[in-house]
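For reference, the structure is listed below as structure tokens.
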Amino acid sequence: MSVKRPIYLDYNATTPVSPEVLEAMLPFFTEYFGNPSSLNHSYGWEAEAGIEKSREILAGAIAATPSEIVFTSGATEANNLAIKGIAEAYMSKGKHIITVQTEHNAVLDPCRYLETLGFNITYLPVHPDGLINLETIEHAFQADTILVSVMAANNEIGVLQPIEKIGKICHERNIIFHTDAAQALGKIPLNVERMNIDVLSMTAHKLYGPKGIGALYVRRKTPRVQLAPQLHGGGQEKGLRSGTLYTPQIVGFGEAVRIATAEMESETEKMGALRDHLWDQLRELPGVHLNGHSTQRLPNNLNVSIEGVKGSNLLSRVREAIAISSGSACSSTNPAPSHVIKALGRSDDLARATIRFGLGRTTSEADIERAATIVREQIQTLRQRKVSV
Ligand SMILES: *Cc1c(COP(=O)(O)O)cnc(C)c1O
């Protein structure tokens, strides 16, 4: 008998590269290997053509133009470029930035860094359902506010913020609006025009593309967003991000976005139904709380806090059968309770007893049944133990 690997339910942490994506990438490692900036010969042109095709696909997926897409190494770099790049470019206008307590650390940490340089950051609270209040943002605006950064979809609790409305109130005040769309891209429709987005971060590895590649959308008109580069060198990407473009990864990113966009509707319906079924199974137990709004959320995410168990105990008891996490992959080595769950107002104990399920394209009904059964069994076992001690 072959060794059975656990059922993978951690698709909010990362996804496998899809076979079509890998196939699109392969010739760009060996055959079309030219430097895409070498425009004196056909090797360079071939690579450049692959990159420009991806740039068009990415732009098309968010209703932008290709010249507004800057390739980066991922969403972490895209967020750093957006936040530090805008802070640097606009600091003569103001030094106040507004963001939210539930953001990814790739937004929060650049903001904390800017505080050491004399910037003033407002970290907005959220409601117990994870949503932010538009009035709270309006109250936070100051005369010197230069940037608002609010994520489109949360990586831990899947909550979808009201991006379109936030963009509108920023634009009414001529304040730049950035959104981290790492989890949203390919899962919910994104349109930078309709949603009033000026700067948007993306990554490939959350939607069946390769790791180590991402992009930043930077609006070029009404308004034209200024950005100070954070990597200096060869002047690639119009000087905004130097470094030889990583052609195979970029080609894979484009193909991944093409597929995700085409399949968005059917995938949303399928994963949403499976996710709801999983929640129906878990909520039958007493003391199991849903984290994040019940409907304003990603179709593939379920995050629960469980009374009377320790999250780390539960995870270690289920991990041979299912691969799930306590929340952010980046902080799973850190026993501190998640800053996202804490921001919902949960106690430290409940925040530590949190597990996140991320569903994917190949997740089946049988996978969900099995995951629900195992998690329920282990919750009951751990709770009984506690009573008998
Ligand atoms: C995964 C993720 C990131 C980091 O993206 P990388 O491409 O891994 O650097 C940033 N923000 C959110 C919301 C994410 O889910």
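-7 is the number of the first residue of the sequence shown in my numbering; add one for each residue after it. For each residue, glycine too, the CB sits at the ideal point set by N, CA and C. None of the values given here were measured: they were computed from a predicted structure.
Terminal residues of the beta strand (DSSP E) in which residue i lies
i      : result
ILE168 : 168 to 172
MET194 : 191 to 195
ASN293 : 293 to 298
LEU282 : 280 to 282
TYR115 : 112 to 116
TYR209 : 206 to 210
LEU139 : 137 to 141
THR346 : 346 to 350
HIS88  : 88 to 92
ILE61  : 61 to 64
beta-carbon residue i near ligand 1 non-hydrogen atom, thresh 7 Å
i      : result
ASN147 : yes
MET143 : yes
ASP2   : no
GLN134 : no
ASN112 : no
LYS76  : no
GLN175 : yes
ASN71  : yes
THR68  : yes
HIS163 : no
ASP172 : yes
ALA98  : yes
GLY206 : yes
LYS179 : no
HIS197 : yes
Buried/exposed call for residue i, threshold 16 Cβ in 10 Å
i      : result
VAL280 : buried
LEU100 : buried
ASP272 : exposed
ASN166 : exposed
ARG465 : A query on residue 465 cannot be resolved here, the shown segment of the chain reaching from -7 to 381 and no further.
VAL301 : buried
ARG275 : exposed
VAL381 : Caution applies to VAL381, whose pLDDT of 49 falls short of 50 and renders its modelled position unreliable; the model cannot decide the point.
ALA358 : exposed
ASN125 : exposed
PRO329 : buried
GLN370 : buried
ALA98  : buried
Closer than 7 Å: residue i CB and nearest ligand 2 heavy atom
i     : result
SER30 : Ligands in the displayed structure: ligand 1; ligand 2 is not one of them.
First and last residue of the uninterrupted alpha helix (DSSP H) at residue i
i      : result
LEU126 : 126 to 132
VAL249 : 239 to 274
ARG186 : Here ARG186 belongs to no alpha helix (DSSP H), and DSSP marks it neither H nor E.
HIS331 : 331 to 335
Minimum Cβ-Cβ distance from residue i to chain C less than 8 Å
i      : result
ARG289 : Note that chain C does not occur in the displayed structure, where there is just one protein chain.
At least three beta-carbon pairs within less than 8 Å, the segment 227 to 245 to the segment 9 to 20: Yes, the segment 227 to 245 touches the segment 9 to 20.
Segment contact flag, the segment 306 to 316 with the segment 162 to 180, C-beta cutoff 8 Å, min 3 pairs: No: fewer than three Cβ pairs fall under 8 Å.
Given 8 Å, three or more beta-carbon pairs between the segment 212 to 223 and the segment 172 to 187: Contact fails between the segment 212 to 223 and the segment 172 to 187, because fewer than three Cβ pairs, one in each stretch, are under 8 Å apart.
Contact between the segment 282 to 299 and the segment 134 to 149 (3+ Cβ pairs under 8 Å): Judged by Cβ distances under 8 Å, the segment 282 to 299 makes contact with the segment 134 to 149, as three or more pairs qualify.
Three-pair Cβ contact test at 8 Å for the segment 42 to 54 versus the segment 74 to 82: With a cut-off of 8 Å on Cβ pairs, the segment 42 to 54 is not in contact with the segment 74 to 82, counting fewer than three such pairs.
Three-pair Cβ contact test at 8 Å for the segment 59 to 67 versus the segment 197 to 210: Taking a contact to require three or more Cβ pairs closer than 8 Å, the segment 59 to 67 and the segment 197 to 210 qualify as touching.
Segment contact, 8 Å Cβ cut-off, at least three pairs: the segment 257 to 269 with the segment 344 to 360: Counting Cβ pairs under 8 Å, three or more are found: they touch.
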